[in-house]
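The numbers in full-length UniProt numbering rise by one with no breaks, and the one at position 179 of the sequence shown is 179. Cβ atoms here follow ideal geometry from the backbone N, Cα and C, with glycine treated the same way. Written below as structure tokens is the structure these notes are about.
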Amino acid sequence: MKDDSRVDREPVSHDYSLRAAIYNWTFKQVVSGCDGSVINVWFSRVHDDSEITAMAFDASDRRLITGGRNGTIRVFNFNNGQCIHELVKEDNSEVTGICYIDMKESQFIVTAGWNRHITMFYDDPDTFRIYPWMTIRGTGHREDIYDGDIRICNLVSGHVLHRMSSQPVLDRSLIEDPTTLSIDKGEMIFLCARAKNGSLCTLVSTGGDGALRFWNAKEGQLLWFWDTKRNGRLEGIYAMTTNAKNDMIITADAAGQVSVWDISAVCVDGVPDADFELPLLASWRAHVAGIVSVEYNEHESVVIT
1 MKDDSRVDRE PVSHDYSLRA AIYNWTFKQV VSGCDGSVIN VWFSRVHDDS EITAMAFDAS
61 DRRLITGGRN GTIRVFNFNN GQCIHELVKE DNSEVTGICY IDMKESQFIV TAGWNRHITM
121 FYDDPDTFRI YPWMTIRGTG HREDIYDGDI RICNLVSGHV LHRMSSQPVL DRSLIEDPTT
181 LSIDKGEMIF LCARAKNGSL CTLVSTGGDG ALRFWNAKEG QLLWFWDTKR NGRLEGIYAM
241 TTNAKNDMII TADAAGQVSV WDISAVCVDG VPDADFELPL LASWRAHVAG IVSVEYNEHE
301 SVVIT
């Protein structure tokens, strides 16, 4: 019987020949360099012995914010990896989402997780241990129910403005199938450029059913639905991004497929006709397993998965 756990290829840290690897005793990091003119900075135990479950940059892209499965939230200097803040929430539930919000006069780090609470931290540059500025409870999300619901809350008061439901979204049998990727995680992106231009559609969501949903976030209304499934396959979409103009969406699914969609004509002034098909600009197999993250580098026209 063949042992599939055997590693056929020794893992490498660089694509080119390694020239040096040195240890920084001050920051407890390893720095390595290779012939490809690439420098890697390695540091471990970011969240002690717990897995990293969420990451985000601040508005300046100079600080990295990470969340762990053990509920810890830490802020690092992106230049040297030094931990400069520790955000302390009320429990140790897993952190599943992090967002940095710049309100000009005040800046906040917003987190969410399995406790179904939204926790806001005031970004205080002079304090190492930062405690919650506000915790939003009672958003209406229910535990262990894959309902695909979206809540829009007022950032200042915490009041729930809209409860948006995308039912029916999932076949219950998929939840009980151990061969499928976890379908509790979806993706949402705000179309900020469209919001400034007065477009109807300002929010796109997706999830385990492989569908794209276009919303009017101001009114809490589902405008249009596009099913990305092909040939009877049902692959969940767990990563999604857009460009600066919000005329394109890039999706990545549980089968390792990346797709680029033209959304320039979707819900700008009204709802598309019944026979409208979302233009697919490109599609390719990027990974042999499910994709959990996708980014678009607009300056280099590069998709990172």
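When the Cα of Phe214 is compared with those of Gly270, Ile22 and Ala255, which residue comes out closest?
Reading the sequence shown from its first residue, position 214 is the one you call residue 214. Checking every option, the nearest Cα to that of Phe214 belongs to Gly270.
With Ile65 and Asp58 assumed to form a contact (beta carbons below 8 Å), what rounded beta-carbon distance in angstroms separates them?
Within the sequence shown, the letter at position 65 stands for residue 65. Within the sequence shown, the letter at position 58 stands for residue 58. Between Asp58 and Ile65 the Cβ distance is about 7 Å, and since that is below 8 Å, they are a contact.
Determine the direct distance from the alpha carbon of Lys28 to that of Gly220, and round the result to whole angstroms.
Translated into the one-based positions of the sequence shown, residue 220 becomes position 220. Translated into the one-based positions of the sequence shown, residue 28 becomes position 28. Each residue's alpha carbon lies about 48 Å from the other.
Looking only at its chain, what residues have a beta carbon closer than 6 Å to the beta carbon of Gly198, apart from the 5 residues adjacent to it on each side?
As a first step, residue 198 must be located in the sequence shown, where it is residue number 198. Correct list: empty, nothing qualifies.
In whole angstroms, what separates the C-alpha of Ala20 from that of Asp35?
In the sequence shown, counting from the first residue as 1, residue 20 sits at position 20. In the sequence shown, counting from the first residue as 1, residue 35 sits at position 35. Straight-line Cα distance between these residues: approximately 10 Å.
Residues in its own chain within less than 6 Å of Ser283 by CB, not counting five upstream and five downstream?
Within the sequence shown, residue 283 is the residue found at index 283, counting from 1. Excluding positions up to five away in sequence, the list reads Ser259.
If you measure between the beta carbons of Arg74 and Glu86, is that distance less than 7 Å?
Stepping through the sequence shown from its first residue, residue 74 is reached at position 74. Stepping through the sequence shown from its first residue, residue 86 is reached at position 86. In this structure, Glu86 lies closer than 7 Å to Arg74 by Cβ.
What are the start and end residues of the beta strand (DSSP E) that includes Ala265?
Reading the sequence shown from its first residue, position 265 is the one you call residue 265. Per DSSP, Ala265 belongs to no beta strand (DSSP E) and is neither H nor E.
Kindly give me the distance between the Cβ atoms of Gly113 and Ile136, rounded to whole angstroms, as I take these residues to be in contact under 8 Å.
Start at 1 with the first residue of the sequence shown, and residue 113 comes out as number 113. Start at 1 with the first residue of the sequence shown, and residue 136 comes out as number 136. Contact doesn't hold; Cβ gap of about 12 Å is too wide.
Would Ala217 and Leu203 be called neighbours here (beta carbons separated by less than 7 Å)?
As a working note, residue 217 is residue 217 in the sequence shown. As a working note, residue 203 is residue 203 in the sequence shown. Yes, the pair counts as a contact, with Cβ atoms nearer than the cut-off.
Between which two residues does the alpha helix (DSSP H) holding Cys192 run?
Locating residue 192 in the sequence shown gives position 192, counting from the first residue. Looking at the DSSP string, the run of the alpha helix (DSSP H) that includes Cys192 is Cys192 to Lys196.
Please name the residue in Asn40, Ser93, Thr111 and Thr96 whose C-alpha comes closest to that of Ala78.
On the sequence shown, position 78 is the one that residue 78 refers to. The identity of residue 78 in the sequence shown is Phe, whereas the question assumes Ala. Selected option, being the one with the closest Cα: Asn40.
Do you know how far the Cα of Met164 is from the Cα of Ser60?
On the sequence shown, residue 60 is found 60 positions in, with the first residue counted as 1. On the sequence shown, residue 164 is found 164 positions in, with the first residue counted as 1. Rounded to the nearest angstrom, the two C-alpha atoms are 32 Å apart.
Name the two residues that bound the continuous beta strand (DSSP E) containing residue 306.
The structure shown does not extend to residue 306, since the chain is modelled only from 1 to 305, so the question has no answer here.
Where does Asp273 land, buried or exposed, given buried means 16+ other C-beta within 10 angstroms?
For this step, residue 273 is matched to residue 273 along the sequence shown. By the 10 Å Cβ count, Asp273 comes out exposed.
With a CB to CB cut of under 6 Å and the five nearest residues on each side skipped, what residues in its chain are close to His162?
Within the sequence shown, the letter at position 162 stands for residue 162. Closer than 6 Å at the Cβ level, and outside the excluded window around His162, lie Ile152 and Gly220.
Who are Cys99's beta bridge partners in DSSP?
Reading the sequence shown from its first residue, position 99 is the one you call residue 99. In DSSP, Cys99 forms a bridge with Val110.
Quick one: is Ala254 buried, meaning 16 or more other Cβ sit within 10 Å of its Cβ, or exposed?
Reading the sequence shown from its first residue, position 254 is the one you call residue 254. Buried, by the Cβ-count rule.
Rounded to the nearest angstrom, what separates Glu143 and Ile150 at their Cα positions?
By one-based count along the sequence shown, residue 143 stands at place 143. By one-based count along the sequence shown, residue 150 stands at place 150. Only weak support is given to the placement of Glu143: the predicted model assigns it a pLDDT of 49, under 50, and the value that follows is read from those uncertain coordinates. Near 14 Å, if we compare the C-alpha coordinates of Ile150 and Glu143.
Whole angstroms are fine: how far does the CA of Leu212 sit from the CA of Thr127?
By 1-based counting over the sequence shown, the position of residue 127 is 127. By 1-based counting over the sequence shown, the position of residue 212 is 212. Near 41 Å, if we compare the C-alpha coordinates of Leu212 and Thr127.
Ignoring anything shorter than 3 residues or poking outside the region 236 to 260, list the beta strand (DSSP E) runs there in chain order.
For the region 236 to 260, whole beta strand (DSSP E) runs of length 3 or above, ordered along the chain, are 237 to 242 and 248 to 253.
Using C-beta distances below 6 Å, list every residue in its chain close to Asn92, excluding the 5 sequence neighbours before and after it, in chain order.
Residue mapping note: residue 92 aligns to position 92 of the sequence shown, counting from 1. Asn70 and Gly71.
Relative to the C-alpha of Cys267, which residue among Leu191, Ile237 and Thr251 is closest?
What you label residue 267 is simply residue 267 of the sequence shown in a count that begins at 1. Of the listed residues, the one whose Cα sits closest to Cys267 is Leu191.
Just verifying my parser: in three-state terms, what is the DSSP assignment at Trp66?
Residue mapping note: residue 66 aligns to position 66 of the sequence shown, counting from 1. Looking at the sequence provided, one finds Thr at residue 66 rather than Trp. Three-state DSSP puts Thr66 in a strand.
Val12: buried (16+ other C-beta within 10 angstroms of its C-beta) or exposed?
Stepping through the sequence shown from its first residue, residue 12 is reached at position 12. Val12 should be labelled exposed.
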